[in-house]
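Visitor: So in our numbering, spot 164 of the sequence shown is number 150, and the numbers just go up one at a time. Heads up, the beta-carbon is just placed ideally off N, CA and C, and yes, glycines get one too.
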Amino acid sequence: MPSRTKIENIMSLTLNAVNISLYLLVIAATIVKCIGANFSFIVMGIYGVIIAALLVVNEFRQFRISLDYFLFLSLYRGRGMILIFFGCLVLDTAVVNIIAGTLNLSFGFMYIIMSYLSRYPCLKPIVINWQNWNDFSAEGLDLIRPKTTHSMLDAQTIPITSSY
């Protein structure tokens, strides 16, 4: 059975992948929404694409300015509010926008719920989580080994004969 630390690391890597996917989906949905839109939607779309692109970069490497001025991005509640904002920004009548908006809203609410539970690890960039994963794998920690019992060894090495 893997340790709690390894499970938390797997969960962190999964959340990093989900975040990056959601941000890229926001970029695609915003571009679709801006096609044929009026000036105000295009300006909001440009801001949305810039913020989503910066969040993708922040997901790979967290910069000092991000920790100083945008600390809420390191918290589940802040990340949830950003995703809810993106969900409201991209929600429109096109299929891509409905899917992107619904996914962002649902994951945003999930992050806010996760912020009230203390069992989840703090949010870190994918580079740090990947390095932790490599450290676990290199050391051979938590490798699942098959159980060897005497009955398994006896059944494989000793032929069953009845001497009665």
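Considering just the uninterrupted stretch of the alpha helix (DSSP H) at Asn90, what are its terminal residues?
Guide: 81 to 101
Visitor: Start and end of the alpha helix (DSSP H) containing Arg47?
Guide: Counting along the chain, Arg47 falls outside any alpha helix (DSSP H), and DSSP gives it neither H nor E.
Visitor: What did DSSP end up calling Arg105 once you bin it into helix, strand or coil?
Guide: coil
Visitor: If you draw a straight line from the alpha carbon of Ser(-11) to that of Thr79, how long is it in whole angstroms?
Guide: Approximately 45 angstroms, taken between the alpha carbons.
Visitor: Residue range of the alpha helix (DSSP H) that Ser(-2) falls in?
Guide: -10 to 20
Visitor: Measure the C-alpha to C-alpha separation of Leu10 and Ala124 and round it to an integer number of angstroms.
Guide: 31 angstroms
Visitor: Would Val43 be called buried (16 or more neighbouring beta carbons within 10 Å of its own) or exposed?
Guide: Its Cβ having fewer than 16 others within 10 Å, Val43 is exposed.
Visitor: Assuming Asn90 and Phe72 form a contact by the criterion Cβ under 8 angstroms, report the distance between their Cβ atoms to the nearest whole angstrom.
Guide: 5 angstroms
Visitor: Among residues of its own chain, excluding the 5 on either side of Glu45, which ones have a beta-carbon nearer than 8 angstroms to its beta-carbon?
Guide: Same-chain partners within the cutoff: Asn2, Asn5, Ile6, Tyr9, Pro111, Ile112.
Visitor: Would Gly94 and Gly66 be called neighbours here (beta carbons separated by less than 8 angstroms)?
Guide: yes
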